[in-house]
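This is how it looks when you write it as structure tokens:
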């Protein structure tokens, strides 16, 4: 059974710092990995998707890496801003049937960027 | 292209009543996933459907819960005889057939409160 762990559970840093969020998963037979952000009381916004054959993806100030063999992914946020404050979720899927399986989520990292 | 739509956004039911949650996937998406987020817990996969077919319902409680995705109209998650433990946020996600990276896009969720 796939398990996803995110470290740290919570993080508070001053504005402008670069930071790294960590995600690990127990079963390396994944199809893809997605990073999301969730604002309080809201839905999930997809940030980055990495296919199992890829090593990293970049979008603006965000960079996600994937080491499938060791079961690890990191989300790097450069030059953090107060608007980045949210809960960041890591999720993995495996291929099944005609599409990707349901995602298995970590419990998230609650990030606060201090102005 | 409108995002994934869910309604109602908030639903209050008394114990023993039925709850019907609706999800309209993004245009062109034929894969629908339902997830549940219990208070203080992570997101858990419930069921994966393609048009008129249930692909994987391994996360669905065995009793009282059912899901469908008819040829026409939205996907429906139905909870019969609700209990207080069903109070949670229910999220729907959809993904397209192409590109085949199966990125999942989430709706805003339905927050169910059982009195």
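Protein chains in written order, with this note's numbering: chain A, -9 to 105; chain B, 6 to 120. Ideal Cβ placement from N, Cα and C applies to all residues, glycine included. Small disclaimer: the values here were computed from a predicted structure and weren't measured.
Count the other CB atoms within 10 Å of the CB of residue 11 of chain B; is the residue buried (16 or more) or exposed (fewer)?
-> Buried.
Chain-order list of residues whose beta-carbon lies under 8 Å from that of residue 91 of chain A (same chain, five-residue window excluded) = Hits under 8 Å: 21, 83, 84 and 85.
Residue 61 of chain B, enclosing beta strand (DSSP E) - first and last residue = Here the beta strand (DSSP E) through residue 61 of chain B covers 58 to 61.
Does the beta-carbon of residue 94 of chain A have 16 or more other beta-carbons within 10 angstroms, so that it is buried, or is it exposed?
-> The residue in question, residue 94 of chain A, is buried, as its Cβ has 16 or more Cβ neighbours within 10 Å.
8 Å Cβ shell around residue 14 of chain B - same chain, five flanking residues per side excluded = Excluding sequence neighbours, residue 14 of chain B sits near 113, 114, 115 and 116.
Residue 80 of chain B vs residue 17 of chain B beta-carbon contact at 8 Å | Result no, Cβ atoms of residue 80 of chain B and residue 17 of chain B do not sit closer than 8 Å.
Provide the residue(s) that pair with residue 18 of chain A in DSSP beta bridges, ordered along the chain.
-> As far as DSSP is concerned, residue 18 of chain A takes part in no beta bridge.
When you compare only the Cα positions, how much space is there between residue 48 of chain A and residue 57 of chain A?
-> The alpha-carbon atoms of residue 48 of chain A and residue 57 of chain A are separated by roughly 15 Å.
Test: residue 24 of chain A CB closer than 8 Å to a CB of chain B = Taking 8 Å as the threshold, the shortest C-beta distance from residue 24 of chain A to chain B falls below it.
Hey, could you find the ends of the beta strand (DSSP E) residue 87 of chain B is sitting in?
-> Here residue 87 of chain B belongs to no beta strand (DSSP E), and DSSP marks it neither H nor E.
Out of A/74, A/-8 and A/97, state which residue places its alpha-carbon closest to the alpha-carbon of residue 6 of chain A.
-> Closest by C-alpha distance to residue 6 of chain A, out of A/74, A/-8 and A/97, is A/74.
Show which residues of chain B have a CB atom less than 8 Å away from the CB atom of residue 94 of chain A.
-> The answer, in chain order, is 50.
Within the chosen definition, does the stretch 92 to 102 of chain B reach the stretch 33 to 53 of chain B through at least 3 CB pairs nearer than 8 Å?
-> Look at the beta carbons and you see the stretch 92 to 102 of chain B touching the stretch 33 to 53 of chain B: at least three pairs across the two are nearer than 8 Å.
For the candidate residues A/32, A/51, A/62 and A/29, whose alpha-carbon lies nearest to that of residue 44 of chain A?
-> The option with the nearest alpha carbon to residue 44 of chain A is A/62.
Exposed unless 16 or more other CB atoms sit within 10 angstroms - verdict on residue 33 of chain A | By the beta-carbon neighbour count (other beta carbons within 10 angstroms, threshold 16), residue 33 of chain A is buried.
Does DSSP put residue 102 of chain B in a helix, in a strand, or in coil?
-> Here DSSP, grouped into helix, strand and coil, assigns residue 102 of chain B to coil.
Rounded distance between the beta-carbons of residue 68 of chain A and residue 12 of chain A, thought under 8 Å | Between residue 68 of chain A and residue 12 of chain A the Cβ distance is about 16 Å, and since that is not below 8 Å, they are no contact.
Mind checking which residues open and close the beta strand (DSSP E) that includes residue 11 of chain B?
-> For residue 11 of chain B, the enclosing beta strand (DSSP E) starts and ends at 10 to 12.
Where do the N-terminal and C-terminal ends of the beta strand (DSSP E) with residue 63 of chain A fall, by residue?
-> 62 to 67 is the span of the beta strand (DSSP E), which, as asked, contains residue 63 of chain A.
Assuming residue 8 of chain B and residue 110 of chain B form a contact by the criterion Cβ under 8 Å, report the distance between their Cβ atoms to the nearest whole angstrom.
-> Rounded, the Cβ-Cβ distance is 7 Å, consistent with contact.
Report the residues of the stretch 94 to 108 of chain B with a CB closer than 7 Å to any CB of chain A, ordered along the chain.
-> Listed by position along the chain: 96, 100, 106, 107 and 108.
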